[in-house]
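Student: I am attaching a structure below and will ask some questions about it afterwards.
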Ligand code: GRF
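Numbering (my numbering), first residue to last: 1256 to 1468.
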């Protein structure tokens, strides 16, 4: 689910086309009809839907429609990729442990918007990104994967965000493939990565066994 430019979405779609991928991106939903990511998804051959939150009388009605469309597409797993709308408890609980987000900071530090400006303002020495399962509170949930980059004294927010975005593009497909390969478990709010021999796979997996995202 996206709201804007969709670089993470594009990166995930491209990653899903690699022979060793276990993910199949079946649908991209945007809550903004002009989101640039929509065209990118279409060009890459992925179905898109526009579900504008402003056209619904309540958040719950909007989110019921999201779930209905996702389930009609037989989606097994939902990724937020720059989806700029808080999701309510009903939606989050419905997709419990089947809903992930990427955030451009090293959570639990710097939740929320304008992350890079606030990181620089705070004088933090490191920033980065976090892929995490979604829980009802904003930018909270079991952490799957993080990566960090130093914050340089001369960094602008744009320079820092560009470096963090490169990390995002490495982390998100990696985390999703771990999930799709069944290598992730969650116990007491903490994610564990289990050993697997999937690295030895030399043949592309059967398309039918892919996780529908
Ligand atoms: C990314 O920085 C992501 O971490 C945040 O929103 C931004 C979306 O960028 N949640 P894009 O639309 O994927 O390019």
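C-beta atoms are modelled at their ideal positions from N, C-alpha and C, and glycine is treated no differently.
(1) Going by DSSP in three states, residue 1370 sits in which element: helix, strand or coil?
(2) For residue 1386, which residues in the same chain have their Cβ closer than 7 Å to its Cβ, ignoring the five residues on either side in sequence?
(3) Cα separation between residue 1373 and residue 1260?
(4) What I want to know is whether the C-beta of residue 1334 ends up closer than 7 Å to one or more non-hydrogen atoms of the ligand GRF.
(5) Thinking C-alpha only, which one of 1414, 1444, 1332 is nearest residue 1434?
(6) Among 1349, 1381, 1348, 1340, whose alpha-carbon lies nearest the alpha-carbon of residue 1367?
(7) Under 8 Å between the Cβ atoms of residue 1324 and residue 1295?
(8) To the nearest angstrom, report how far apart residue 1317 and residue 1359 are at their CA atoms.
(9) Can you name the residues that DSSP bridges to residue 1303?
(10) Quick one: give me the first and last residue of the alpha helix (DSSP H) that residue 1362 is part of.
(11) For the putative contact between residue 1293 and residue 1283, defined by C-beta atoms under 8 Å, what is the C-beta separation to the nearest angstrom?
(12) Give me the Cα-Cα distance between residue 1447 and residue 1397, rounded to the nearest whole angstrom.
(13) Across which residues does DSSP place residue 1388 in a beta bridge pair?
(14) Would you mind working out which of 1379, 1436, 1352, 1362 sits nearest residue 1443, comparing C-alpha positions?
(15) Can you tell me the Cα-Cα spacing of residue 1419 and residue 1379, whole angstroms?
(16) Which residues mark the beginning and the end of the beta strand (DSSP E) in which residue 1402 is found?
(17) Please state if the CB of residue 1264 and the CB of residue 1328 are separated by a distance shorter than 8 Å.
(18) Give me the residue from 1381, 1303, 1409, 1440 with the minimum Cα distance to residue 1240.
(19) How would you write the range of the alpha helix (DSSP H) that residue 1328 sits in, first residue to last?
(20) Please report the distance separating the alpha-carbon of residue 1279 from that of residue 1437.
Tutor: Taking the definition as stated:
(1) Residue 1370 falls in the helix class under three-state DSSP.
(2) Exclusion of the five residues before and after residue 1386 leaves 1355, 1357, 1399, 1400, 1426, 1427, 1430 as the residues of its chain whose Cβ lies within less than 7 Å of its Cβ.
(3) Put simply, the backbone Cα of residue 1373 is about 22 Å away from that of residue 1260.
(4) Not so, every heavy atom of the ligand GRF lies at least 7 Å from the Cβ.
(5) When only C-alpha atoms are compared, the closest one is 1332.
(6) Checked all of 1349, 1381, 1348, 1340; the closest Cα to residue 1367 is 1340.
(7) Against a cut-off of 8 Å, the Cβ pair of residue 1295 and residue 1324 comes out as no contact.
(8) About 26 Å.
(9) Paired residues: 1283.
(10) No alpha helix (DSSP H) contains residue 1362, which DSSP labels as neither H nor E.
(11) Cβ atoms of residue 1293 and residue 1283 come within 8 Å of each other, at about 7 Å.
(12) Spanning the two alpha carbons is a distance of roughly 10 Å.
(13) For residue 1388, the pairing in a beta bridge is given by DSSP as 1355.
(14) Cα-wise, what sits closest to residue 1443 is 1352.
(15) Answer to the nearest angstrom: the Cα atoms are 14 Å apart.
(16) For residue 1402, the enclosing beta strand (DSSP E) stretches over residues 1398-1405.
(17) For residue 1328 and residue 1264, no; Cβs fall outside 8 Å.
(18) No statement about residue 1240 is possible, as the shown extent of the chain runs from 1256 to 1468 and does not include it.
(19) Premise fails: residue 1328 is in no alpha helix (DSSP H) and is neither H nor E.
(20) About 15 Å.
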